[in-house]
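Engineer:
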Amino acid sequence: MDQTDRQILAELQVAGRLTVAELADRVRLSAGPCHRRLRELERTGVITGYRAVVDPAAVGLGFEVLVSVTMEREDSATIREFETALAAVPAVRHAERLFGDPDYLVRVVTADLAAYAELRDETLAALPGVQRLTSTIVMRRIVENRPLPLAPVPDGPAARPRRR
1 MDQTDRQILA
11 ELQVAGRLTV
21 AELADRVRLS
31 AGPCHRRLRE
41 LERTGVITGY
51 RAVVDPAAVG
61 LGFEVLVSVT
71 MEREDSATIR
81 EFETALAAVP
91 AVRHAERLFG
101 DPDYLVRVVT
111 ADLAAYAELR
121 DETLAALPGV
131 QRLTSTIVMR
141 RIVENRPLPL
151 APVPDGPAAR
161 PRRR
């Protein structure tokens, strides 16, 4: 991946609905080469998809909770069952397995506190292997959906470390 590919990615992270012509103009390429590069980034899995970013509050899901999950057992069968069941919960926006304690950090959205309490008690607490759930209500998101920091990568002799 060269600097032009990184520029294409940077532009698409900010404005994913650009036409190929607009994208080519922004990265100073003609449409044909830009389109070929874009298709190659998609083909190789660098670009994994395109989507609309929806305001949760605008669709009635403005209550957000970070849930720390501590597992009772961490054998491979329990972990597999837990992760499969967790992935099937529609209110789960993000879920990450962590080293250390807690074992998982899960971001959940619901309509309000009552809806979260029901989800927590009826669904999350009943997931396989769960020992403890700790809920933290999100007051305000400070940074969200930030593009990856695709800083220019130097190339050529100047990029190589100097020997002393």
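Anchor point for the sequence shown: position 60 equals 60 in the UniProt record's numbering, and the numbering is continuous, going up by one each time.
Built from N, CA and C at the ideal position, the CB exists for glycine as well.
Which residues does DSSP pair with HIS94 in a beta bridge?
Structural biologist: Locating residue 94 in the sequence shown gives position 94, counting from the first residue. Note: HIS94 sits in a beta bridge opposite ARG107.
Engineer: Relative to the C-alpha of ARG51, which residue among LEU148, GLN13, ALA115 and ARG80 is closest?
Structural biologist: Taking the first residue of the sequence shown as 1, we reach residue 51 at position 51. That would be GLN13, whose Cα lies nearest to the Cα of ARG51.
Engineer: Look up MET71 in the DSSP assignment and give the residues it is bridged to.
Structural biologist: Along the sequence shown, read from residue 1 onward, the residue named residue 71 stands at position 71. In DSSP, MET71 forms a bridge with VAL130.
Engineer: Assess contact between the stretch 51-66 and the stretch 102-110, defined as three or more Cβ pairs (one per stretch) separated by less than 8 Å. Is contact present?
Structural biologist: The answer is yes - the stretch 102-110 touches the stretch 51-66, with three or more Cβ pairs under 8 Å.
Engineer: Decide if ARG37 is buried, meaning its Cβ has at least 16 other Cβ atoms within 10 Å, or exposed.
Structural biologist: Counting from 1 along the sequence shown, the entry for residue 37 is found at position 37. When all chains shown are included, ARG37 counts as buried.
Engineer: Straight-line CA distance for ALA87 to ILE47?
Structural biologist: Translated into positions along the sequence shown, residue 87 becomes position 87. Translated into positions along the sequence shown, residue 47 becomes position 47. ALA87 and ILE47: Cα-Cα distance of roughly 22 Å.
Engineer: Run through the DSSP bridge pairs and tell me what SER135 is partnered with.
Structural biologist: To locate residue 135, count along the sequence shown from 1; it is residue 135. For SER135, which the question treats as bridged, DSSP gives the partners VAL67.
Engineer: Return the first residue and the last residue of the alpha helix (DSSP H) that VAL20 is part of.
Structural biologist: Locating residue 20 in the sequence shown gives position 20, where the first residue counts as 1. Its alpha helix (DSSP H) spans residues 20-26.
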